[in-house]
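To start, the structure itself, in structure tokens.
Protein chains: 2
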Amino acid sequence: MITPTIVEGLRPYALGEKLRGLRLRKSMGLVELGKHTGLSAAMLSKLERGKLFPTLPTLLRIALVFGVGLEYFFTDERKRHVVAIARKRERLRFPDNPGKGSIAYNFESLDFNATERKLNAFYAEFEPVAAEKVRLHQHAGVELLYLISGTLDLTIGSETFVLEAGDAVYFDSGVRHSYHRASKGPCTGVIVTA
Amino acid sequence: MITPTIVEGLRPYALGEKLRGLRLRKSMGLVELGKHTGLSAAMLSKLERGKLFPTLPTLLRIALVFGVGLEYFFTDERKRHVVAIARKRERLRFPDNPGKGSIAYNFESLDFNATERKLNAFYAEFEPVAAEKVRLHQHAGVELLYLISGTLDLTIGSETFVLEAGDAVYFDSGVRHSYHRASKGPCTGVIVTA
DNA sequence: CTCCCGTTTTCCTGCCACGACAAGACCGGT
DNA sequence: ACCGGTCTTGTCGTGGCAGGAAAACGGGAG
């Protein structure tokens, strides 16, 4: 069932304009694109003018020709002018694991007041914890860690890396990982997940 | 026409798993989701198991319930087990604008050896530049800046914010923006874009 | 075992994506 | 002007596949 509400909800993605943009950028005609995709020129025209919603197979065929992923069409281009500032003094600090003896790190959210997050960022202070007590965790996406000070043991899967101040890592956070402060002094860093 | 090639091309998006993930995260049943979306539980089951490709209207209905955009489904989740470490000493430093007098900042890529980037991260040292010479720039996506030291004037669109060490900003980098070091001493930070 | 709940399978319907075709529309070239 | 040619947009028809209804399956709990 195709209701006005749904049509409205799909409009912001501007599929038609994006399709037309891709095609014209390569100065290609509807018929030519039709040959490459195996679709009729007539239908391509309708798609570009928003008279019709492509099925995923259809959309993928076109995407393949232009070498883009489907995400190209669905990255919401509503320019939400997001600006969220997290002042150091205003930030809340959460212990990683309140009430237990094994607090591995304190962290502060750096963008908790951004409505729409594609990124989650934290400022972390790693606390000394017995190596056997550190907890592994995992979550979908990727993670980026920039170490500002101290030395940190980072375990990813079965491997452990030693990071010094100024080092950075980028890894798939779907793999189990854990942090362990290796330096005597303070150990701080910025963590960004997506 | 629905060919094996197309099926293969759609697999990496793992629509089914994502749908199921969304539903289970809210510990919701197929029937309940059916009520909210106006879709039959039977079909939802098929979608989650990849037996069927949803049309865009259908997909949108589900997305609306969970408050996600369609982009949620099409960000390619090929789990390449990425681990890329950028050691401080091994990193290359690029001036923002080599050969010209108006170098606003030096930056070092923090994940340049990661094959598939969803995130781009830089360590930046902001240099003193006359305020009128700073250049505005823009690029798709969002940007996150964590200021490690110094004071920085950040202009986003027509607004200017003053950031102190430890502050962080999260904003839509599609809007024109520029950096300008406000402190006498060194001014450094981490920039992540997505 | 029976009841209950959520899920999957089966079967079928009908909507709408998509194609075929033709009619504009807009170019040059002669 | 009058033609090709190329690109685009209507109109109409169809069948593939999304989607529904209901029955079968499965797993706890009692």
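From first to last, the protein sequence lines are chains X and R.
Take the position in the first sequence, starting the count at 1, then add 18; the result is the number in the working numbering.
Take the position in the second sequence, starting the count at 1, then add 18; the result is the number in the working numbering.
Ideal Cβ placement from N, Cα and C applies to all residues, glycine included.
Query raised in the report: Roughly how many whole angstroms lie between the Cα atoms of Gly-168/R and Leu-78/R?
Result: Here the question's residue 168/R lines up with position 150 in the second sequence. Here the question's residue 78/R lines up with position 60 in the second sequence. Those two C-alpha atoms are separated by around 45 angstroms.
Report task. Compute the distance between the beta-carbons of Gly-207/R and Leu-162/R, then report whether it is under 8 angstroms. Result -> In the second sequence, residue 207/R corresponds to position 189, counting from 1. In the second sequence, residue 162/R corresponds to position 144, counting from 1. Contact flag unset, no.
Query raised in the report: How is Ala-81/R classed by DSSP in three states: helix, strand or coil?
Result: Position 63 of the second sequence holds residue 81/R. It is helical.
Requested in this report: Return helix, strand or coil for Ala-142/X, following the three-state DSSP convention.
Outcome: Position 124 of the first sequence, counted from the first residue, corresponds to residue 142/X. Residue state, collapsed to three classes: strand.
Report task. Look at the Cβ atom of Leu-170/X, then the Cβ atom of Thr-178/X, and state whether they are nearer than 8 angstroms. Result -> Residue numbering aside, residue 170/X sits at position 152 when the first sequence is read from its first letter. Residue numbering aside, residue 178/X sits at position 160 when the first sequence is read from its first letter. Contact: no.
Query raised in the report: Does the Cβ-Cβ distance between Phe-144/X and Tyr-90/X come in under 8 angstroms?
Result: Numbered from 1 along the first sequence, position 126 holds the residue referred to as residue 144/X. Numbered from 1 along the first sequence, position 72 holds the residue referred to as residue 90/X. Going by C-beta atoms, Phe-144/X is not nearer than 8 angstroms to Tyr-90/X.
Query raised in the report: Can you tell me the Cα-Cα spacing of Tyr-31/R and Pro-204/X, whole angstroms?
Result: Sequence index remark: in the second sequence, residue 31/R carries index 13 (1-based). Sequence index remark: in the first sequence, residue 204/X carries index 186 (1-based). Using only the alpha carbons, I get a separation of about 41 angstroms.
Report task. Can you tell me the Cβ-Cβ gap for Ala-81/X and Leu-70/X, rounded? I've got them flagged as a contact below 8 angstroms. Result -> Translated into positions along the first sequence, residue 81/X becomes position 63. Translated into positions along the first sequence, residue 70/X becomes position 52. Actually they do not touch by this definition, with Cβ atoms about 16 angstroms apart.
**Report entry** Cβ distance (whole Å) where Val-210/X is taken to contact Val-210/R below 8 angstroms
**Finding:** The count along the first sequence starts at 1 and reaches residue 210/X at position 192. The count along the second sequence starts at 1 and reaches residue 210/R at position 192. At roughly 5 angstroms, the Cβ-Cβ gap stays under 8 angstroms, so Val-210/X and Val-210/R are in contact.
Requested in this report: Using the DSSP secondary-structure output, state which residues sit across from Val-180/X in a beta bridge.
Outcome: For the purposes of this step, residue 180/X is taken as the residue at position 162 of the first sequence. For Val-180/X, which the question treats as bridged, DSSP gives the partners Asp-171/X.
Query raised in the report: At least one CB of chain R closer than 8 angstroms to the CB of Phe-71/X: is that the case?
Result: Locating residue 71/X in the first sequence gives position 53, counting from the first residue. At least one chain R Cβ lies under 8 angstroms of Phe-71/X.
Query raised in the report: Do you know offhand how far Ser-45/X's Cα is from Thr-55/X's?
Result: Sequence index remark: in the first sequence, residue 45/X carries index 27 (1-based). Sequence index remark: in the first sequence, residue 55/X carries index 37 (1-based). Each residue's CA atom was taken as its position, placing Ser-45/X and Thr-55/X some 16 angstroms apart.
Query raised in the report: If you draw a straight line from the alpha carbon of Pro-1/R to that of Leu-74/X, how long is it in whole angstroms?
Result: Past the edges of chain R, shown from 19 to 212, lies residue 1/R, and the structure says nothing about it.
Query raised in the report: Roughly how many angstroms separate the alpha carbons of Leu-28/R and Ser-201/R, rounded to a whole number?
Result: Taking the second sequence and counting its residues from 1, the one referred to as residue 28/R is at position 10. Taking the second sequence and counting its residues from 1, the one referred to as residue 201/R is at position 183. Spanning the two alpha carbons is a distance of roughly 51 angstroms.
Query raised in the report: Would a check of beta-carbon distances place Tyr-92/R closer than 8 angstroms to chain X?
Result: By 1-based counting over the second sequence, the position of residue 92/R is 74. First, the residue type needs correcting, since residue 92/R is Phe and not Tyr in the sequence shown. Yes - at least one Cβ of chain X is within 8 angstroms of the one on Phe-92/R.
**Report entry** Top-ranked residue by Cα proximity to Met-19/R, from Glu-35/X, Leu-40/X, Ser-58/X and Leu-65/X
**Finding:** In the second sequence, counting from the first residue as 1, residue 19/R sits at position 1. By alpha-carbon distance to Met-19/R, the top candidate from Glu-35/X, Leu-40/X, Ser-58/X and Leu-65/X is Ser-58/X.
Query raised in the report: Taking 8 angstroms as the CB-CB cut-off, is Val-210/X touching chain R?
Result: By one-based count along the first sequence, residue 210/X stands at place 192. Cβ-Cβ to chain R under 8 angstroms: yes for Val-210/X.
Query raised in the report: If you draw a straight line from the alpha carbon of Thr-76/X to that of Pro-22/R, how long is it in whole angstroms?
Result: Taking the first sequence and counting its residues from 1, the one referred to as residue 76/X is at position 58. Taking the second sequence and counting its residues from 1, the one referred to as residue 22/R is at position 4. For Thr-76/X and Pro-22/R, the distance between alpha carbons rounds to 13 angstroms.
Query raised in the report: So, helix, strand or coil for Arg-67/X, using DSSP?
Result: Reading the first sequence from its first residue, position 49 is the one you call residue 67/X. DSSP, read as helix, strand or coil, puts Arg-67/X in coil.
Query raised in the report: What is the rounded straight-line gap between the Cα of Ala-212/X and the Cα of Arg-43/R?
Result: Here residue 212/X refers to the residue found at position 194 when the first sequence is read from its first residue. Here residue 43/R refers to the residue found at position 25 when the second sequence is read from its first residue. Distance between the alpha carbons of Ala-212/X and Arg-43/R is about 18 angstroms.
**Report entry** Pick from Phe-84/X, Lys-53/X, Val-86/X and Arg-38/X that is closest to Lys-64/X, judged by C-alpha positions
**Finding:** Here residue 64/X refers to the residue found at position 46 of the first sequence. Of Phe-84/X, Lys-53/X, Val-86/X and Arg-38/X, the residue nearest in Cα terms is Arg-38/X.
Requested in this report: Measure the C-alpha to C-alpha separation of Asp-185/R and Ile-166/R and round it to an integer number of angstroms.
Outcome: In the second sequence, the residue the question calls residue 185/R occupies position 167. In the second sequence, the residue the question calls residue 166/R occupies position 148. Asp-185/R and Ile-166/R have their C-alpha atoms roughly 8 angstroms apart.
Query raised in the report: Taking 8 angstroms as the CB-CB cut-off, is Ala-60/X touching chain R?
Result: Position 42 of the first sequence, counting from 1, holds the residue named residue 60/X. Judged by the 8 angstroms Cβ criterion, Ala-60/X is not in contact with chain R.
Report task. With distances taken Cα to Cα, identify the nearest neighbour of Leu-40/X among Gly-68/X, Phe-84/X, Val-187/X and Ala-142/X. Result -> Along the first sequence, read from residue 1 onward, the residue named residue 40/X stands at position 22. Nearest to Leu-40/X by C-alpha distance, out of Gly-68/X, Phe-84/X, Val-187/X and Ala-142/X, is Phe-84/X.
Query raised in the report: Taking the DSSP output, what are the residues bridged to Glu-207/R?
Result: Here residue 207/R corresponds to residue number 189 of the second sequence, with the count starting at 1. Note that residue 207/R is Gly in the sequence shown, not Glu. Answer is Ala-142/R and Leu-165/R, bridged to Gly-207/R.
Query raised in the report: Using a Cβ-Cβ cut-off of 6 angstroms (strictly less than) and excluding sequence neighbours within five positions of Lys-106/X, which residues of its own chain qualify?
Result: Translated into positions along the first sequence, residue 106/X becomes position 88. Note on Lys-106/X: pLDDT 46, under 50, position unreliable in the model; the coordinate value appears next. Within the same chain, and ignoring the five residues on either side of Lys-106/X in sequence, no residue has its Cβ closer than 6 angstroms to its Cβ.
Query raised in the report: Can you tell me the Cα-Cα spacing of Lys-53/X and Val-86/R, whole angstroms?
Result: Translated into positions along the first sequence, residue 53/X becomes position 35. Translated into positions along the second sequence, residue 86/R becomes position 68. Distance between the alpha carbons of Lys-53/X and Val-86/R: 35 angstroms.
Query raised in the report: Listing by chain order, which chain X residues have their CB less than 7 angstroms from the CB of Pro-214/R?
Result: Look at the range of chain R in this structure, 19 to 212, and you will see that residue 214/R is not part of it.
Query raised in the report: Should Glu-89/R be flagged as near chain X, meaning a C-beta pair shorter than 8 angstroms?
Result: Sequence index remark: in the second sequence, residue 89/R carries index 71 (1-based). The C-beta of Glu-89/R comes closer than 8 angstroms to at least one C-beta of chain X.
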